[in-house]
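Enquirer: Submitted below is the structure of interest, expressed as structure tokens.
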Amino acid sequence: MKHIQIRNSDMAWHIAANNLGKVSWKNVLILGAGGQIARHVINQLADKQTIKQTLFARQPAKIHKPYPTNSKIIMGDVLNHAALKQAMQGQDVVYANLTGEDLDIQANSVIAAMKACDVKRLIFVLSLGIYDEVPGKFGEWNNAVIGEPLKPFRRAADAIEASGLEYTILRPAWLTDEDIIDYELTSRNEPFKGTIVSRKSVAALITDIIDKPEKHIGENIGINQPGTDGDKPFFM
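First residue of the sequence shown? That's 51 in our numbering, and the numbers climb one at a time after it.
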């Protein structure tokens, strides 16, 4: 278990190249870029001048403005294989912020596009509870509330683990909008801890992996805020 706590465009790419000389760019494709965790990731990557963000979303209007200068926007659906493969070209890291009752189908589409484009590094956000790993009364409550909708999440995880990609699966606790970065990690085979975690915390972990893509390869990680054990999230 690991505990981390921290309290409280083109022009940019050109400037960075001039300032830094020979730059090793990192191209990051964010799928579901209008999502709430993705918003924080986009913001946290905005000032990183050696990163180019491709923001892929069905509804680009949901992506917060102003758009970072190190980003470009693509409207598309991950189930549109041609559009996804086009967006995938030349990417170094793919971060998937997707959801839905067809999440397993979406995951398989992402896997196929990555293999077709020879992109290997994948960060995929799923959910706690897909392995019945949440103990005690909270686990019983969680399974009663979202157990059935989690089935495609489990199938997505199985597909990702069998894909041969350099993946990291994240399983967050129930999400909050608290302005805090405070989290601990559990492995696939450990009992899940806590009940909540802030979206900002999950984004911080994702950003850290994008910065250092050699971290957490082949890992399936639970993420929660320490000290939040209970029978259910405080807001439920």
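Just so it is clear, CB atoms sit at the ideal spot from N, CA and C, and this is done for glycine as well. Please read all numbers here as calculations on a predicted model, not as lab measurements.
1. Would the beta-carbon of I123 fall within 8 angstroms of that of P110?
2. What's the C-alpha gap between G71 and Q99?
3. Looking at the secondary structure, which residues open and close the beta strand (DSSP E) in which D232 lies?
4. Should I219 go down as buried or exposed, given a rule of 16 or more other Cβ atoms within 10 Å for buried?
5. So what does DSSP say about V128, is it helix, strand or coil?
6. Answer yes or no: do D258 and K265 have a C-beta to C-beta separation smaller than 8 angstroms?
7. Which class does V78 belong to by DSSP, given the choice of helix, strand or coil?
8. Return the residue from the list G150, E216, A96, H131 that minimises the CA-CA distance to A163.
9. List the DSSP bridge partners of T218.
Expert: Judging by the given coordinates:
1. yes
2. Its pLDDT being 46, under 50, G71 is placed unreliably in this model, and the coordinates cannot settle the point.
3. 231-236
4. buried
5. coil
6. yes
7. Taken through DSSP and simplified to helix, strand or coil, V78 comes out as strand.
8. The shortest Cα separation from A163 among G150, E216, A96, H131 belongs to H131.
9. I173, E269
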